[in-house]
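Trainee:
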Ligand SMILES: [Zn+2]
């Protein structure tokens, strides 16, 4: 799956990057009724030997600071100072970006992150299968060829989100510690740690190959800011140094804080007024926010079940059963 032979050309589809060069091209995804859907990307083939790193933004097309940092990296990365190969895809979900859509896109309304399947499903009438076609092509042509991945996200248009990195523990201790070290060296203070759970009695699923991945959440609420984009840019360079793909040591704070995320849901619909914002530290039993119906009455208060930090505050327009907050609990400091 991973081509370790030192070839003189790094090629994805028909885009060819000679050693020591940086080349811009397009990933061809599929034909739409009116045109060929393509996604811009850049290849960097460094002069020294090293791994293949994928840096992508925009699985959700209205989360802007990751893509902004990626664009700055595309502009500044110098193949003569790189060991290995870098694939840069600043905006995977270009339809969502173009049409300013949250989570999904206007062609088929699906969230791309749920569309990484082995084959594009066949269906009858209804919306097209754009998200499946995009995810399957992006996986086959790009993700599956990388050994490491930075997956740049942020709060979407309706999300107030704590800026930090994230990774998932899969239950393989050796790999999980390497993954945490990669997240730590990205160089941000907060690390969201998910634990992959296997359901009891579920049939064992064959695990498909995934590169070792660190995600980022940078900013949110539909804004793009140079300070956050520059933090992303610095984190990408830190990762290149961590992987020995560049000279130098990652520049990071002395201590990072790791937390485990969980959601709080509402039981009533209405207008959600939050008393707290992303990054606020909270105590068990704090009243975090209230839901009012459109007669003005408080119909529900959202109470903190644990101590922690507010990782996400979501939309003020609540449907019964919606998520209100994501909380980070069990905060621990690591060197
Ligand atoms: Zn996202």
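Residue numbers (the working numbering): 482 to 816. Ideal Cβ positions, reconstructed from N, Cα and C, are used throughout, including at glycine.
Cutting at 8 Å between CB atoms, please list the residues of its own chain near residue 746, excluding the five before and the five after it.
Mentor: The count along the chain shown starts at 1 and reaches residue 746 at position 265. 802, 803, 804, 805.
Trainee: For a test of your reading of the model: does the CB of residue 540 fall under 7 Å from any non-hydrogen atom of ligand 1? Yes or no.
Mentor: Numbered from 1 along the chain shown, position 59 holds the residue referred to as residue 540. For ligand 1, at least one heavy atom lies less than 7 Å from the Cβ of residue 540.
Trainee: At what residue ranges does the segment 707-753 contain a whole run of the beta strand (DSSP E), taking only runs of 3 or more?
Mentor: You should have 737-746.
Trainee: Would you call the segment 592-604 in contact with the segment 666-679, where contact means no fewer than 3 C-beta pairs closer than 8 Å?
Mentor: Judged by Cβ distances under 8 Å, the segment 592-604 makes no contact with the segment 666-679, as fewer than three pairs qualify.
Trainee: Residue 683 by DSSP, collapsed to three states: which one?
Mentor: As a first step, residue 683 must be located in the chain shown, where it is residue number 202. Looking at residue 683 - three-state DSSP - the assignment turns out to be coil, as it is neither helix nor strand.
Trainee: Drop a sphere of 10 angstroms on the beta-carbon of residue 482, count the other beta-carbons inside from all chains shown, and report buried for 16 or more, exposed for fewer.
Mentor: Counting from 1 along the chain shown, the entry for residue 482 is found at position 1. Because the pLDDT of residue 482 is 44, which lies under 50, any placement of that residue in the model is unreliable, and the question is left without a value.
Trainee: May I have the straight-line CA-CA distance separating residue 792 from residue 645, to the nearest angstrom?
Mentor: In the chain shown, counting from the first residue as 1, residue 792 sits at position 311. In the chain shown, counting from the first residue as 1, residue 645 sits at position 164. So the two alpha carbons sit approximately 9 Å from each other.
Trainee: Distance check for residue 515 and residue 737, CA to CA, integer angstroms please.
Mentor: Sequence index remark: in the chain shown, residue 737 carries index 256 (1-based). Sequence index remark: in the chain shown, residue 515 carries index 34 (1-based). Their Cα atoms are separated by approximately 49 Å.
Trainee: Which of the three DSSP states is assigned to residue 787 in this structure?
Mentor: By one-based count along the chain shown, residue 787 stands at place 306. It is coil, neither helix nor strand.
Trainee: Cβ-heavy atom distance between residue 744 and ligand 1 below 7 Å?
Mentor: Mapped onto the chain shown, residue 744 falls at position 263. Residue 744: no, Cβ never under 7 Å from ligand 1.
Trainee: Any contact between the segment 742-758 and the segment 782-799? By contact I mean 3 or more CB pairs, one from each, below 8 Å.
Mentor: As far as the Cβ criterion goes, the segment 742-758 touches the segment 782-799, which means the pair count is three or higher.
Trainee: Give every residue of the same chain whose Cβ lies closer than 8 Å to the Cβ of residue 656, excluding the five residues on either side of it in the sequence, and list them in chain order.
Mentor: Counting from one through the chain shown, the residue named residue 656 turns up at place 175. Contacts found: 693.
Trainee: Please state the DSSP three-state secondary structure of residue 705.
Mentor: In the chain shown, counting from the first residue as 1, residue 705 sits at position 224. Of the three classes helix, strand and coil, the one that applies to residue 705 here is coil, per DSSP.
Trainee: So, for residue 741: in the same chain, excluding its five sequence neighbours on each side, which residues have a beta-carbon less than 6 Å away from its beta-carbon?
Mentor: On the chain shown, position 260 is the one that residue 741 refers to. Same-chain partners within the cutoff: 674, 810, 811.
Trainee: At a cut-off of 7 Å, is residue 637 close to ligand 1 when judged by its beta-carbon and the heavy atoms of the ligand?
Mentor: As a working mapping, residue 637 is identified with position 156 in the chain shown. At least one heavy atom of ligand 1 is nearer than 7 Å to the Cβ of residue 637, so yes.
Trainee: At a cut-off of 7 Å, is residue 518 close to ligand 1 when judged by its beta-carbon and the heavy atoms of the ligand?
Mentor: Working through the chain shown from its first residue, we reach residue 518 at position 37. Flag unset: Cβ of residue 518 not near ligand 1.
Trainee: Between residue 578 and residue 542, is the Cβ-Cβ spacing less than 8 Å?
Mentor: One-based indexing of the chain shown puts residue 578 at position 97. One-based indexing of the chain shown puts residue 542 at position 61. Yes; because the gap between Cβ atoms is below 8 Å, this pair is in contact.
Trainee: Is any heavy atom in ligand 1 found nearer than 7 Å to the beta carbon of residue 807?
Mentor: As a working note, residue 807 is residue 326 in the chain shown. No, Cβ of residue 807 sits at least 7 Å from all heavy atoms of ligand 1.
Trainee: For residue 788, collect the residues of the same chain with a Cβ closer than 6 Å to its Cβ; drop the 5 residues on either side in sequence, then sort them by chain order.
Mentor: In the chain shown, residue 788 corresponds to position 307, counting from 1. Correct list, in chain order: 764, 765.
Trainee: Counting Cβ pairs closer than 8 Å, one from the segment 639-654 and one from the segment 613-624, do we hit at least three?
Mentor: Cβ pair count under 8 Å is below three, so no.
Trainee: In three-state DSSP terms, what is residue 519?
Mentor: As a position in the chain shown, residue 519 is number 38, starting the count at 1. Strand.
Trainee: Excluding five sequence neighbours on each side, which residues of the same chain lie with their C-beta closer than 6 Å to the C-beta of residue 503?
Mentor: Locating residue 503 in the chain shown gives position 22, where the first residue counts as 1. The answer, listed in chain order, is 525, 560.
Trainee: Less than 8 Å between the beta carbons of residue 521 and residue 552, yes or no?
Mentor: The sequence position of residue 521 within the chain shown is 40, counting from 1. The sequence position of residue 552 within the chain shown is 71, counting from 1. No, the Cβ-Cβ distance between residue 521 and residue 552 is not below 8 Å.
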